[in-house]
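**Q** Right, I'll just put the structure down here and ask away after.
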Amino acid sequence: MLSSIPPPLALVTGASTGIGFELAREFAEHDFDVVLVADEPEVVDAAHRLSRPGSRVVGVRADLTVPAEVEALVARVGEMGALTALALNAGAGVGGEFTEESTVDEQLAVVDLNVRSTVHLAKSLVPGMLGRAHGRVLFTSSIAALAPGPYQSVYNASKSFVQSFAKALRAEVANTGVTVTSLMPGPTDTAFFRRSGQLDTPIGAGPKVDPAEVARAGFAAMMAGRAQVVTGSLLVKAQVLLGRVLPDRVLVAAHKLLTRPRVSGGGRGAGRA
C-alpha cells in the first residue's frame, strides 16, 4: 500500500544562483518538495533544473523588499502544504564608501532584503512549525557579522542583525521540536562580489569556496539541529575565533584592508548575494 504521507516541504530564498541554488539542490536530492524564490526570472529555470520525478520543485519570482510580495509568497507556500524547512538565504550588499558611492535607496534596499524580509518571513512561517512541533530553520549569516565593515558598512551591520536574531530565536524555540541554525560563510564563489562592485578589492579578487560546499555544510548542520556552522578555509575559521576576542578597532582595521577598492571609485555597486 502506497504511503499517503506527503514529502517534506522546504522554502529557499535567494535561490536562483549561488548558495541558495545549491541549498535548493540539497533539499531536492533529499526528497523534499522545494519552493525556490528570487527576484530574477532565472529562478523558474533553476527550479526546472532541479525537478525530479515524484517531487514538486517550484520557482517563484518575488521581490522580498516589497512586503506585499512577501505576504503573497507566504500564502503560496501555505497552499502547497505544511512547511518543514525554511532557508532564509536571500541577501544583498553595496560596496564602496557609504557617504560617497551609493544612494540611500540602494542602502535601504539592503536593509529591506537582509533584515526586514528575514524578520517578515520568520514571523509568518516559524509559528506554524511551532504549532506542529517540528521544523528546521537556516539563516544565512556571514563571517561579516563579526566585525564592523568599512566599504560594506550596511551589509556587515545587516549580517550582524541576522546572526543575533538567529541566536535569539534559537533560544526561544529550544525544546519545541524546531531548531534554528546560522550558516556563516567566508568568501564564496558567487555573483555577490561582482554585483556589489567589489571585484577590485583584495577580498573580491581573493580565493573563494565553492557554493555547493557551503550549501552541503549548511544543510547538514540544519538537519542535525546545530546552532552554527562556519564555512571556508582554516584562515576564515581562525578569523571567527579571533573575532570573539579582538577589539573592534583591530577588526575594523583588518576588514578595511580586505574591502578597500584598489582603484579609486572601484567599490561602487550594489547587488544580490
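Reading the sequence shown from the start, the letters are residues 1 to 273 in full-length UniProt numbering. Note that beta-carbon positions come from the ideal geometry of N, C-alpha and C, so glycine has one too. All of these numbers come straight from a predicted model, not from anything done at the bench.
#1: Can you look up V173 in the DSSP assignment and give me helix, strand or coil?
#2: Within this structure, are the beta carbons of G78 and Y151 separated by less than 8 Å?
#3: Buried or exposed: L108, going by 16 or more other Cβ atoms within 10 Å of its Cβ?
#4: Alpha carbon to alpha carbon, how far is D105 from G54? Give it in angstroms, no decimals.
#5: Apply the 10 Å Cβ neighbour rule to T103 and answer buried if 16 or more other Cβ atoms are within range, or exposed otherwise.
#6: Where do the N-terminal and C-terminal ends of the alpha helix (DSSP H) with L23 fall, by residue?
#7: Please determine, among A212, F193 and P41, the residue with the shortest C-alpha to C-alpha distance to G204.
#8: Alpha carbon to alpha carbon, what distance is there between F98 and L2?
#9: Could you name the residues of the same chain whose beta carbon sits closer than 8 Å to that of T13, not counting the 5 residues immediately before and after it, in chain order?
#10: If I measure Cβ to Cβ from F32 and keep anything under 8 Å in the same chain, skipping five residues before and after, which residues do I get?
#11: Could you pull out every residue in the same chain whose Cβ sits closer than 7 Å to the Cβ of V70, ignoring the five residues on either side in sequence?
#12: Could you check if G131 is buried or exposed, using at least 16 other CB atoms within 10 Å of its CB as the buried criterion?
#13: Within 10 angstroms of the Cβ of A133, are there 16 or more other Cβ atoms? Answer buried if so, exposed if not.
#14: I want to know whether the region 204-217 touches the region 159-178 - three or more CB-CB distances under 8 Å.
#15: When DSSP builds the beta bridges, which residues end up paired with A38?
#16: Run through the DSSP bridge pairs and tell me what V111 is partnered with.
#17: Can you grab the Cα-Cα spacing for the pair A227 / H48, in whole Å?
#18: Applying the criterion that 16 or more other CB atoms from any shown protein chain within 10 Å of the CB defines a buried residue, is I143 buried or exposed?
#19: In angstroms with no decimal places, state the Cα-to-Cα distance between T188 and P41.
#20: Leaving out the 5 sequence neighbours to the left and right, which residues in its chain are closer than 7 Å to S51 when beta-carbon positions are compared?
#21: Could you tell me the boundaries of the beta strand (DSSP E) in which T118 lies?
#22: Pull the bridge partners of P185 from the DSSP assignment, please.
**A** To lay it out plainly:
#1: V173: coil per DSSP, three-state reduction.
#2: No, these two residues do not count as a Cβ contact at 8 Å.
#3: Flag for L108 reads exposed.
#4: G54 and D105: Cα-Cα distance of roughly 43 Å.
#5: Exposed, because fewer than 16 other Cβ atoms sit within 10 Å of the Cβ of T103.
#6: Run containing L23: G18 to E29, per the alpha helix (DSSP H) assignment.
#7: When each option's Cα is compared against that of G204, the closest is F193.
#8: Low per-residue confidence applies at L2: pLDDT is 49, beneath 50, and the placement is therefore not dependable enough to give any value.
#9: Hits under 8 Å: G20, V37, A38, L64, A87, L88, N89, A90, S117 and L121.
#10: The residues are P7, P8, L9, A10, S55, T84 and A85.
#11: Cβ within range, chain order: L64, S117, H120 and L121.
#12: So G131 ends up on the exposed side.
#13: Classification of A133: exposed, given that the 10 Å Cβ count is below 16.
#14: Here the region 204-217 does not lie against the region 159-178, with fewer than 3 beta-carbon pairs under 8 Å apart.
#15: Looking at the DSSP assignment, A38 forms a beta bridge with R61.
#16: Beta-bridge analysis with DSSP links V111 to no other residue.
#17: Their Cα atoms are separated by approximately 32 Å.
#18: Under this definition I143 is a buried residue.
#19: So the alpha carbons of these two residues sit roughly 23 Å apart.
#20: These residues qualify, in order along the chain: V57.
#21: Looking at the DSSP string, T118 is not in any beta strand (DSSP E); the run it does join, the alpha helix (DSSP H), is S117 to R132.
#22: The partner list for P185 (beta bridge, DSSP) reads T231.
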